[in-house]
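In order, the protein sequences belong to chains C and R. Counting from 1, one number per residue, gives the positions in the first sequence under the working numbering. Counting from 1001, one number per residue, gives the positions in the second sequence under the working numbering. Below is one structure, written out as C-alpha cells, with a few remarks after it.
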Amino acid sequence: DVKVTQSSRYLVKRTGEKVFLECVQDMDHENMFWYRQDPGLGLRLIYFSYDVKMKEKGDIPEGYSVSREKKERFSLILESASTNQTSMYLCASRGSMPDTQYFGPGTRLTVL
Amino acid sequence: ELKVEQNPLFLSMQEGKNYTIYCNYSTTSDRLYWYRQDPGKSLESLFVLLSNGAVKQEGRLMASLDTKARLSTLHITAAVHDLSATYFCAVEVSGYALNFGKGTSLLVTP
C-alpha cells in the first residue's frame, strides 16, 4: 500500500512565524503535490514537484515556498505565517504513469 | 483557466434511492478522477477514468467519462448510510496536477 505521511495532524502558530510542513512518501513516486483545502473552495494546488530539486507553481503559490532535496520528501514552507493561511494542508504523491494521486492525512494549521 | 463544476454541491437522499452527481469541466482532458472524503479525514481514491467512454464500478457507485461532452458522472445505486461523505471529481490537464471541483456533500438518511 502507498503510504503518504505528514509531520503533524494539528499545528498552531503565531503570525509572522516560519512554518515547515513535511510530507514523506514511500512509493518512490516522482511527483509530489501540496494543496490547501478550505470550506466552499475545494482543494487548490499550491506547488508541485516532478523531480528532486524541481518545483512548479500551482494556482495559489503566494506566501509559500517548497523544498525537495530527496525524492521521498516534499516540504511546504510558510516564510511568515499569516491568519489567512489558516487551513487544512494536504500532501499527495503520484508515479510517472497515469494514476490517481495518493493523499496524506492532512495537517490542520491554525495561525493566530 | 480550467473550471471544474460539480452539481449538486449538497445532496440529501433517502436510503435505497438512486442519484447522479455531475462533473463538468471546461477544457480538453481525458483523465478524470473521483475521490471520497469523510469528515476530518483525507481523500480516498475511488475511480480513475483515462479515456472517453470509460466506465468503472465499485459496489453501489459507478463512474463514467464522456470527454466529448466534458462530463463525468458518479451514479449512486440504492444508497446506504455508509455512502455519506463528500465526493470530489478532479481533472488532469498537464504536468500531472489536478484541478478539483468544489465537492458534493452527500447525506444518506433512513
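In this text, a Cβ means the ideal position worked out from N, Cα and C, and glycines have one as well.
Where the beta strand (DSSP E) through residue i begins and ends
| i | result |
| --- | --- |
| Tyr50(C) | Segment: none, Tyr50(C) is in no beta strand (DSSP E) and carries neither H nor E. |
| Leu1011(R) | 1010-1014 |
| Asp1066(R) | 1061-1066 |
| Glu1044(R) | 1043-1049 |
| Glu79(C) | No beta strand (DSSP E) contains Glu79(C), which DSSP labels as neither H nor E. |
| Tyr1019(R) | 1019-1025 |
| Ile60(C) | Ile60(C) -> no beta strand (DSSP E), and no H or E assigned at all. |
| Val111(C) | 107-111 |
| Arg1031(R) | It is not in any beta strand (DSSP E) - Arg1031(R) carries neither H nor E in the DSSP assignment. |
| His1075(R) | 1071-1076 |
| Val1080(R) | No beta strand (DSSP E) contains Val1080(R), which DSSP labels as neither H nor E. |
| Arg94(C) | 87-94 |
| Val1093(R) | From DSSP, Val1093(R) is part of no beta strand (DSSP E); its letter is neither H nor E. |
| Met97(C) | First-last for Met97(C): undefined, no H or E at that position. |
| Lys1056(R) | 1055-1058 |
| Glu1005(R) | 1004-1007 |
Residue from the options with nearest C-alpha to residue i
| i | options | result |
| --- | --- | --- |
| Gly1053(R) | Leu1043(R), Thr1067(R), Lys1041(R) | Thr1067(R) |
| Arg73(C) | Pro98(C), Thr15(C), Arg14(C), Arg94(C) | Arg94(C) |
| Cys23(C) | Ser67(C), Pro39(C), Asp51(C), Lys57(C) | Ser67(C) |
| Leu1098(R) | Phe33(C), Leu21(C), Met97(C), Leu76(C) | Phe33(C) |
| Gly1101(R) | Thr1027(R), Phe1088(R), Val1093(R) | Phe1088(R) |
| Thr83(C) | Met97(C), Gly63(C), Val52(C), Asp99(C) | Gly63(C) |
| Val1108(R) | Glu1001(R), Arg1031(R), Met1013(R) | Met1013(R) |
| Glu69(C) | Lys53(C), Met97(C), Leu90(C), Gln6(C) | Lys53(C) |
| Lys3(C) | Gly16(C), Asp28(C), Tyr35(C) | Asp28(C) |
| Leu90(C) | Pro98(C), Ser75(C), Gly16(C), Glu79(C) | Ser75(C) |
Contact set for residue i: own chain, Cβ-Cβ below 6 Å, skip 5 residues either direction
| i | result |
| --- | --- |
| Ser1044(R) | The question names Ser, but residue 1044(R) in the sequence shown is Glu. Same-chain partners within the cutoff: Arg1036. |
| Arg108(C) | Tyr10, Met88 |
| Pro1110(R) | Glu1015 |
| His1075(R) | Thr1020, Met1062 |
| Lys13(C) | Val19, Ala81, Val111 |
| Asp1038(R) | Ala1085 |
| Ala1090(R) | Tyr1033, Leu1098, Phe1100 |
Proximal residues to residue i (C-beta, below 8 Å), its chain only, five neighbours per side dropped
| i | result |
| --- | --- |
| Tyr50(C) | Glu30, Asn31, Glu56 |
| Glu1058(R) | Leu1046, Phe1047 |
| Arg1060(R) | Ile1076, Thr1077, Ala1078, Ala1079, Val1080, Leu1083 |
Residues near residue i by beta carbon distance below 7 Å, same chain, minus five either side
| i | result |
| --- | --- |
| Thr1104(R) | Gln1006, Pro1008, Leu1009, Leu1011, Ile1021, Thr1086, Tyr1087 |
| Ala38(C) | It should be pointed out that residue 38(C) corresponds to Asp in this sequence rather than to Ala. Counting only Cβ-Cβ distances below 7 Å, and skipping sequence neighbours, we find Ser87. |
* Asked: Between the region 90-101 of chain C and chain R, which residues of the former have CB atoms less than 7 Å from a CB of the latter, in chain order?
  -> Leu90, Arg94, Pro98, Asp99, Thr100, Gln101
* Should the region 1018-1026 of chain R be regarded as contacting the region 37-47 of chain C, the criterion being three or more beta carbon pairs within less than 8 Å? -> no
* Asked: If you measure beta-carbon to beta-carbon, which residues of the region 1040-1060 of chain R are closer than 7 Å to chain C?
  -> Ser1042, Leu1043, Ser1045, Val1048, Leu1050
* Members of the region 44-55 of chain C near chain R, C-beta cut-off 8 Å -> Arg44, Leu45, Phe48, Tyr50
* Taking a Cβ distance cut-off of 9 Å, strictly less, list which residues of the region 19-40 of chain C are near chain R, in chain order. => Glu30, Asn31, Phe33, Tyr35, Gln37, Gly40
* Asked: Residues in the region 1009-1042 of chain R with C-beta within 7 Å of chain C's C-beta atoms, listed in sequence order?
  -> Arg1031, Tyr1033, Ser1042
* If you measure beta-carbon to beta-carbon, which residues of the region 1094-1110 of chain R are closer than 7 Å to chain C? -> Gly1095, Tyr1096, Ala1097, Leu1098, Phe1100, Gly1101, Lys1102, Gly1103
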